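Chemist: First residue of the sequence shown: 0, per numbering that gives the first Met the number 0; consecutive thereafter.
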Amino acid sequence: MAAGLGAFVMFMPSRDDTADSELVYQARCAYCHDLDGTIGVKLDERVIRSYGSARRLFNYLRIAMPYDAPRTMTDSDIWLTTGYLLRSRGIVPPGTRVHEGTADEITFQPWSPGD
């Protein structure tokens, strides 16, 4: 029982993680994705919505990013990045907590030109 509870607590942030999530994104992602498309694809709402859920976005980031060093980010940093991308692109409201316990509930439709 204690081991399960410890894993649960690890993914339940006790405070707003917005500032931390932006720091992780700036340190691990922006050097490719915020350069006007010169290296990585621009991570706009259309791209992020293509994943359909927070869980799928997390899984992709966990396997493939950062491109130059995949699988080097901690799960905690990947959850922070997932939350940052969803909040900063207006896919979920500001302050939405994105973590292991909420990821399956956070789903969204793909972007369409009428949006």
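Every residue, glycine too, gets a C-beta built ideally from N, C-alpha and C. What you are looking at is a predicted structure, and each value in this text was computed from that prediction instead of being measured.
#1: Take R61 and list the residues in its own chain whose beta-carbon comes closer than 6 Å to its own, dropping the five residues that flank it on each side.
#2: Compare the C-alpha of R27 against each of P93, S111, M72 and name the closest.
#3: Is S52 helix, strand or coil when you go by DSSP?
#4: Per DSSP, what kind of secondary structure is T95 in: helix, strand or coil?
#5: What number of angstroms, rounded off, separates the C-alpha of L34 from the C-alpha of P65?
#6: First and last residue of the alpha helix (DSSP H) that includes Q108?
Modeler: Quick look at the numbers:
#1: On the sequence shown, position 62 is the one that residue 61 refers to. Closer than 6 Å at the Cβ level, and outside the excluded window around R61, lie I77.
#2: Here residue 27 is taken as the residue at index 28 of the sequence shown, counted from 1. Cα-wise, what sits closest to R27 is M72.
#3: Reading the sequence shown from its first residue, position 53 is the one you call residue 52. Three-state DSSP puts S52 in a strand.
#4: The sequence position of residue 95 within the sequence shown is 96, counting from 1. Here T95 sits in coil by DSSP.
#5: Along the sequence shown, one-based indexing puts residue 34 at 35. Along the sequence shown, one-based indexing puts residue 65 at 66. Approximately 15 Å between the Cα atoms of the pair.
#6: Stepping through the sequence shown from its first residue, residue 108 is reached at position 109. From DSSP, Q108 is part of no alpha helix (DSSP H); its letter is neither H nor E.
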